[in-house]
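Protein chains in written order, with the numbering used here: chain G, 30 to 274; chain P, 30 to 274.
Every residue, glycine too, gets a C-beta built ideally from N, C-alpha and C.
Heads up: the structure comes next, in structure tokens.
There are 2 protein chains.
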Amino acid sequence: MEKDEKIIEMSRQMWDNAVPHISVDSVVFGFHENQLKVLLTRMASTRQWLLPGGYVFKNENVEDAAQRVLRERTGVDRVYLQEFGVFGNINRSEGYFDDYEDDLWHKQRFISIGFYALVNYMEVIPEIDDYSDICEWKAIDEMPALAMDHQAIYDTALTSLRQQLSYKPIGMNLLPERFTISELQKLYETILGRTLNRGNFYRRIMRFGILIKHEDRRKGGAHKSPNLYSIDPVKYHESLQGIDW
Amino acid sequence: MEKDEKIIEMSRQMWDNAVPHISVDSVVFGFHENQLKVLLTRMASTRQWLLPGGYVFKNENVEDAAQRVLRERTGVDRVYLQEFGVFGNINRSEGYFDDYEDDLWHKQRFISIGFYALVNYMEVIPEIDDYSDICEWKAIDEMPALAMDHQAIYDTALTSLRQQLSYKPIGMNLLPERFTISELQKLYETILGRTLNRGNFYRRIMRFGILIKHEDRRKGGAHKSPNLYSIDPVKYHESLQGIDW
């Protein structure tokens with residue numbers, strides 16, 4: 030009962046503060062121990078898994094809302110965020126919130142704007158919100174079923190990420206500041222779901238012209254210690270505009 | 030006065046039938062006489078130019094709304110349509126509809142979903158709506174100033190088109206059913222805004238594996254008559270999923 034009253038009060042606040050009919054949902058990608066992972070939350074009431082999402086305040090830009098929701102769920106600010114699709118079919122969430130009695134906010138039609146985020150896994154501290162009891166990373170090949178149309182939102186995000194990776198060097202947002210070329214190749218292979226030719230990968234990555242080679246090397250491996258690289262932020266920003274044709 | 034009453038009545042109908050706070054705006058590209066063109070409308074009341082746009086009915090999917098708006102403005106149905114961005118800054122249309130007295134619909138905050146469309150120029154019959162007095166093609170290097178944030182919407186559409194052209198063979202939607210390789214190259218050069226190497230272009234286009242070569246040839250030129258090609262629809266659809274890495 031107390032829980033219900035809290036949700037009704039939150040619903041009333043939403044009508045006062047947020048733009049009706051609009052939600053943002055984020056597919057947050059992280060890379061850890063050679064696995065691509067996605068941040069998921071579990072609804073406390075239904076025990077179903079969802080992508081982290083939220084609403085747009087009346088005095089807030091849409092992209093700022095996506096950044097805020099992400100900050101609330103990860104503790105990380107100003108991450109690489111890319112809008113990749115609008116999910117606006119009628120009835121996409123119908124019935125999902127039926128157990129929220131008198132909660133008119135959640136019973137609206139919502140058109141959801143999908144963003145994917147590329148974050149440094151080590152910086153994220155997953156946080157639940159008032160509706161969820163779990164917020165945690167899942168490896169993309171061990172994901173639970175997602176509620177509503179969130180499976181389709183996730184699938185579209187992964188396809189967009191793979192396509193954009195082919196002409197923009199965005200993947201490096203997933204790595205720590207310094208990395209070896211092998212670590213970068215492993216990341217690309219994990220995202221693309223297939224192995225890449227080492228020589229072709231090296232040439233293609235170098236063609237972006239955004240890497241800085243450092244004198245220090247990765248120690249401790251069985252092989253000759255490889256060089257560490259980082260991203261030149263100015264050239265990186267320029268390259269995001271570029272097209273390979 | 031009569032005009033004002035009509036707009037007030039249309040505004041009332043919008044509140045009854047459409048989802049508030051959401052609009053769709055389309056950047057319709059056509060290719061004619063070696064020029065890339067965009068369909069624009071002029072508001073009758075302000076004489077300012079805009080991209081053609083509209084609203085989403087309460088019982089209508091978002092993408093269907095974009096197709097409907099396009100059909101109303103061009104007479105063409107089921108065109109190649111790609112969502113490319115959401116324009117959701119606060120105050121993006123503030124002040125623009127101030128001359129519409131008592132028209133609360135247009136004074137809302139709107140979050141606009143941008144679609145670009147690639148159409149066969151020859152099939153389009155531009156149509157005005159109740160708010161506009163002109164609807165016509167403009168060559169992209171002879172465009173008038175656009176109102177609100179429509180210049181930014183247009184710029185983002187062109188950037189998206191150029192990027193997507195680098196990994197998907199979407200440009201052929203702009204050509205008649207049969208075309209020569211030279212005509213196709215000219216189209217790509219026009220969209221990208223630069224000349225391309227003839228041999229590289231041929232190899233890249235052929236790598237998509239979607240062209241059917243026909244026995245008949247383009248007659249009437251000064252040179253040896255070149256072969257005509259068309260698109261294999263099944264292979265075209267498959268290739269839209271593909272990634273070049």
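query, result
"Considering only the beta carbon of each residue, do Tyr196(P) and Phe58(P) sit closer than 9 angstroms?", "no"
"Would you mind working out which of Glu165(G), Asn149(G), Val148(G) and Tyr150(G) sits nearest Leu156(G), comparing C-alpha positions?", "The sequence shown places Glu at residue 156(G), not Leu. Answer by Cα proximity: Glu165(G)."
"Listed from N- to C-terminal order along the chain, which residues in the stretch 106 to 128 of chain G have their beta-carbon within a distance smaller than 7 angstroms of any beta-carbon of chain P?", "Glu112, Gly114, Val115, Gly117, Asn118 and Ile119"
"For Glu92(G), which residues in chain P fall below 9 angstroms Cβ to Cβ?", "Val115, Gly117 and Asn118"
"Return helix, strand or coil for Arg246(G), following the three-state DSSP convention.", "strand"
"Using 8 angstroms for Cβ pairs, my map puts Ile163(G) next to Arg71(G). What's the rounded Cβ distance?", "4 angstroms"
"Contact between the stretch 147 to 154 of chain P and the stretch 40 to 56 of chain P: three or more CB pairs below 8 angstroms?", "no"
"9 angstroms is my cut-off, CB to CB: does Ser195(G) come that close to chain P?", "yes"
"Using a 10 Å radius around the Cβ and a threshold of 16 neighbouring Cβ atoms, would you call Ile239(P) buried or exposed?", "buried"
"What separation, rounded to the nearest whole angstrom, lies between the Cα atoms of Leu187(G) and Ile37(P)?", "45 angstroms"
"Pop quiz: Phe60(G) and Thr219(G) are said to be a contact at Cβ under 8 angstroms. What is the actual Cβ separation, rounded to whole angstroms?", "7 angstroms"
"Please list the partners that Pro49(G) has in chain P, where partner means a Cβ-to-Cβ separation under 8 angstroms.", "Pro49 and His50"
"CA-CA distance, Arg227(P) and Leu68(P)?", "30 angstroms"
"Output yes if chain G places a C-beta closer than 9 angstroms to the C-beta of Asn202(P); else output no.", "no"
"List the residues that DSSP assigns as beta-bridge partners of Asn90(G).", "Partner(s): none; Asn90(G) has no beta bridge."
"Go to Gly59(G), then tell me how far its beta strand (DSSP E) extends in each direction, as first and last residue.", "Ala47 to His61"
"Short of 6 angstroms in beta carbon distance, which residues of its chain neighbour Ser189(P), apart from the five on each side in sequence? Order them along the chain.", "Phe113"
"For Gly82(G), collect the residues of the same chain with a Cβ closer than 8 angstroms to its Cβ; drop the 5 residues on either side in sequence, then sort them by chain order.", "Ser52, Val53, Asp54, Ser55, Val98 and Ser141"
"Which chain C residues sit within Cβ distance under 7 angstroms of Asn88(G)?", "Reference to chain C is not applicable here, since the protein chains of this structure are G and P."
"Does chain G have any CB closer than 9 angstroms to the CB of Ile142(P)?", "yes"
"Would you mind reading off the limits of the alpha helix (DSSP H) that contains Glu212(P)?", "Ile210 to Leu221"
"Work out the CA separation of Lys215(G) and Trp78(P) for me, nearest whole Å.", "49 angstroms"
"Examine chain P for any beta-carbon lying closer than 9 angstroms to the beta-carbon of Met30(G), and answer yes or no.", "Per-residue confidence for Met30(G) stands at a pLDDT of 48, beneath the threshold of 50, marking its modelled position as unreliable; no derived number is given."
"Check Arg191(P) in the structure and name its three-state DSSP category.", "helix"
"Cβ closer than 8 angstroms: which chain P residues qualify as neighbours of Val85(G)?", "Gly117 and Ile140"
"May I ask you to verify whether the stretch 250 to 269 of chain G touches the stretch 195 to 209 of chain G, counting CB pairs closer than 8 angstroms and requiring at least 3?", "yes"
"Check the DSSP bridge columns for Val115(G) and list the partner residues they point to.", "Ile142(G)"
"Quick one: Cα of Val48(G) to Cα of Thr224(G), how far?", "44 angstroms"
"Do you know how far the Cα of Val263(P) is from the Cα of Val108(P)?", "17 angstroms"
"Per DSSP, what kind of secondary structure is Arg71(P) in: helix, strand or coil?", "strand"
"So Leu213(P) and Leu221(P) are supposed to be a Cβ contact under 8 angstroms. How far apart are they, rounded?", "Contact doesn't hold; Cβ gap of about 13 angstroms is too wide."
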